[in-house]
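Asks: Sequential numbering from 1095 applies to the sequence shown in our numbering. Quick one: the structure is below, and I'll ask about it shortly.
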Amino acid sequence: MTEPIWRPSPERVARTNMRRFIAEHRARLAGDDYDALYDWSTSRPDEFWRAVWDFCGVRGTYDPERIVDGYDRMPGARWFEGARLNFAENLLRPEHRVGTALVFTNERGDRIEISRAELERRVASVAQALRELGVGRGDRVAGFIANRPEAVIAALAAASIGAVWSSCSPDFGLDAVLDRFGQIAPKVLFATDGYFYNGKTIDSLPVVTALAERLPTLAAVIVVPYLRERPDPGALPGARCFADVAGGEDEPLRFERLPFDTPVYILYSSGTTGAPKCIVHGAGGTLLQHQKEHVLHTDVKPGDVVFYFTTTGWMMWHWVVSTLAAGATVVLYDGAPLHPDPGVLWRMAERERVRVFGTSARYLAALEKSGYRPREHVQLDALDSILSTGSPLAPASFDYVHAHVKGDVQVASISGGTDIISCFALGNPLAPVYRGELQCRGLGMKVDVFDENGRPLRGAPGELVCKAPFPSMPVGFWNDPDGRKYHAAYFERFPNVWWHGDYAELTPRGGLIMHGRSDAVLNPGGVRIGTAEIYRVVEQLPEIAESVAVGQRIDNDERIVLFVRLQPGFVLDEALVERIRDALRRKASPRHVPARILAVTDVPKTLNGKVSELAVRAVIHGRPVGNLDALANPEALEQYRNRPELAE
């Protein structure tokens, strides 16, 4: 499409933080537009990242002569050596102390508002409780917790004392949580007693109890009431109620200023090839990257209201919480996005005067199919931007937003990942939007597209890479002392280049078109799911010999298809199909449940005995298999070809 679907007005452009940032550094740029700014940001990273620190008002100290060392090494670059800062201090800045910090609402219509001053008070109280429990720098604090204010409070309290926060949403099954928290040995667990979803009430305390029994390093479990007015934590050894630890009177809020790369978060890979990898993110890199993305790319200003539909188990939760550093009010929502009706999020957006509304491509597609048209029901005067991530946003969804949500709104499709806790490509408030495209590569991110031989590729999709270091690269993986797992995950494919595993295409306008994942990670509705997480549940069933799970593209989304080889004497009847789905729903999460479950008599494997998901995926999409010689039993693929069940 050669004509943009949206273009910012000159008045809007003039008001942006990005325009002001360009003006401040015009003498260093070869031009007066985004392209010139991007070129400077990737050619002079020392100047650019120093400018971001200063422009965004990061609280801390740094040596202006030591911005980056080893910029030619990936991994191995060192950012802001000698700098000292605290992540929580930057989200609780005194210049933003007045006003609303958090608004919580859910599908039942509950609403809680917390001021900046109240948030600071509660963080101080919880931080003191953590100190009394012996939590200190580097200790892990975990959250099996709904998207409520208590999650933000606990995360900031942990960061304020130099501890490391790691969270899973309460719809994760016991095994999935243990696969994650079991590796990092948390000292304290914050857990909601349950949650509401799609009109159902789910009690989490049985899972919390099992977690407490199987995480021997826990000094305490702090129970957050949600289903109950005040849950009785007495059945859990060492358990306390959140109200008791957050209700301290006038606790002093102290921030431990620590080195730039001090760990602040642990996030998790999808678990494709085994247990999920524990990805450790540093406080300084996370903060600086988020500040750049919020202040410059998303144009967040003090007093703006920002919402992202997410759970505490997704990277975007950490991303949206960081908008507190820009002075924003963060709206937290818990529940199903279309319950009790498709208008629930839009009524919230109208009521709270949301300026930035973040969601997923899957949600926008489902909203369109529901027949709901927000502009016919609500007034969205404050709404300026709709962000979409998780999976590629279909061109038709751009059209739907402009026709039926709001005509004059920027649709910013963004893409990055858990691995970098940020984005490689995202919105640009100075530039037009073209349907189906991400507007630009992120500032300071030397993003390119390579062919299979590591050569830059234009005019065709290829491997998304980043050719130079950036501050939010992981500090490393947990329990990976020599860095081998970390190196293997991103740098073996193309030496000294970050390989991300996305299939993408650079456009002549400098934007990106995303074509999905290039590896075997499942991605239904934009939620990354590792096949190993499915296998660990399914193959515990006595009827199942082995299985292979792949994603099938359909209706601009992806659905999970599970093929199972049965033990002798069993058949795949409706009862067994339901048992498989129920097991995945309980032990993994509802998102792991396949859309189709089909029987086969053989599973294709590589010569070294590994199940070949990529070969199966190619066949069900009618594509040629790249290398049949790499398979020990290529004849097995015929069972997957032209299955009528997959045409529905």
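Cβ atoms here follow ideal geometry from the backbone N, Cα and C, with glycine treated the same way. Note that the structure is predicted; figures quoted are calculated from it, not measured.
1. Pull the bridge partners of residue 1644 from the DSSP assignment, please.
2. Rounding to the nearest angstrom, what Cα-Cα distance links residue 1486 and residue 1432 in this structure?
3. Quick check on residue 1681: does DSSP put it in helix, strand or coil?
4. Could you give the residue range of the beta strand (DSSP E) that holds residue 1452?
5. Write down every uninterrupted run of the beta strand (DSSP E) in the region 1478-1527 whose length is 3 residues or greater and which is fully enclosed by it, in chain order.
6. DSSP has residue 1200 in a bridge; who is on the other side?
7. If you draw a straight line from the C-alpha of residue 1593 to the C-alpha of residue 1617, how long is it?
8. Over what stretch of residues does the beta strand (DSSP E) that includes residue 1250 continue unbroken?
9. Among 1430, 1440, 1571 and 1718, which one has its Cα closest to the Cα of residue 1292?
10. Under the assumption that residue 1458 contacts residue 1482 (Cβ atoms under 8 Å), give the Cβ distance between them as a whole number of angstroms.
11. Would you call residue 1267 buried or exposed, if buried means 16 or more other Cβ atoms sit within 10 Å of its Cβ?
12. Going by beta carbon distance, what residues of the same chain come within less than 7 Å of residue 1206, once the five residues before and after it are set aside?
13. Give the DSSP bridge partners of residue 1534, in chain order.
14. Rounded to a whole number of angstroms, what is the C-alpha to C-alpha distance between residue 1401 and residue 1408?
15. Do you know how far the Cα of residue 1151 is from the Cα of residue 1451?
16. Nearest to residue 1520 by CA position, among 1099, 1513, 1526 and 1532, is which residue?
17. Ends of the alpha helix (DSSP H) at residue 1714?
18. Assess, as a yes-or-no matter, whether the region 1405-1421 is touched by the region 1540-1556 under the definition of 3 or more beta carbon pairs within less than 8 Å.
19. Reducing DSSP to helix, strand and coil, say where residue 1294 ends up.
20. Mapping DSSP to helix, strand and coil, what is residue 1566?
21. Taking the Cβ atom as the reference point for each residue, do residue 1774 and residue 1654 lie within a distance shorter than 8 Å?
22. Run the CB neighbour count on residue 1473, radius 10 Å, all protein chains shown included, and call it buried at 16 or more, exposed below.
23. How would you write the range of the beta strand (DSSP E) that residue 1207 sits in, first residue to last?
24. Cβ atoms of residue 1360 and residue 1516: under 8 Å apart, would you say?
25. Taking only the alpha-carbon atoms, compute the straight-line gap between residue 1609 and residue 1213 and give it to the nearest angstrom.
26. Let me know if residue 1294 comes out buried or exposed under the rule of 16 or more other beta-carbons within 10 Å of its beta-carbon.
27. How big is the Cα-Cα spacing for residue 1597 and residue 1729?
28. With H, G and I counted as helix, E and B as strand and the rest as coil, what does DSSP make of residue 1366?
29. Alpha carbons only, please: which of 1163, 1673 and 1631 is nearest the one belonging to residue 1642?
30. Got a sec? Which residues, its chain only, sit under 7 Å from residue 1740 by beta carbon, not counting five neighbours each side?
31. Cβ of residue 1681 within 8 Å of Cβ of residue 1355?
32. Taking the straight line between their C-alpha atoms, what separation do you get for residue 1548 and residue 1588?
33. Would DSSP call residue 1619 helix, strand or coil?
34. Which whole-angstrom value is the C-beta distance of residue 1428 and residue 1285, which I expect to be below 8 Å?
35. Could you tell me which of 1453, 1222, 1230 and 1317 sits nearest to residue 1343, measuring between CA atoms?
36. May I ask you to report which of helix, strand or coil DSSP gives residue 1231?
Replies: The relevant details are as follows:
1. 1655, per the DSSP bridge assignment.
2. Answer to the nearest angstrom: the Cα atoms are 21 Å apart.
3. helix
4. 1450-1454
5. The beta strand (DSSP E) runs lying completely inside the region 1478-1527 and spanning 3 residues or more are 1479-1483, 1504-1507, 1509-1511 and 1516-1520, given in chain order.
6. 1428
7. Rounded to whole angstroms, residue 1593 to residue 1617 spans 18 Å at the Cα level.
8. Premise fails: residue 1250 lies in the alpha helix (DSSP H), 1243-1254, not in any beta strand (DSSP E).
9. In terms of CA proximity to residue 1292, 1430 leads the group 1430, 1440, 1571 and 1718.
10. 6 Å
11. buried
12. 1198 and 1243
13. According to DSSP, which records beta bridges pairwise, residue 1534 is partnered with 1520.
14. Looking at the two C-alpha atoms, the distance is approximately 14 Å.
15. 25 Å
16. 1532
17. 1707-1714
18. no
19. In the three-state scheme derived from DSSP, where H, G and I count as helix and E and B as strand, residue 1294 is classed as strand.
20. coil
21. Because the chain spans 1095 through 1742 in this model, residue 1774 falls outside it and cannot be assessed.
22. exposed
23. 1205-1209
24. no
25. 41 Å
26. exposed
27. 28 Å
28. Because residue 1366 carries a pLDDT of 40, less than 50, the predicted location of this residue cannot be relied on, and no value is offered for it.
29. Closest option to residue 1642, Cα to Cα, is 1631.
30. Result list for residue 1740: 1646, 1655, 1690 and 1714, in chain order.
31. no
32. 6 Å
33. Taken through DSSP and simplified to helix, strand or coil, residue 1619 comes out as helix.
34. Wrong, their Cβ atoms sit about 14 Å apart, outside the cutoff.
35. Minimum Cα distance to residue 1343 is reached at 1222.
36. coil
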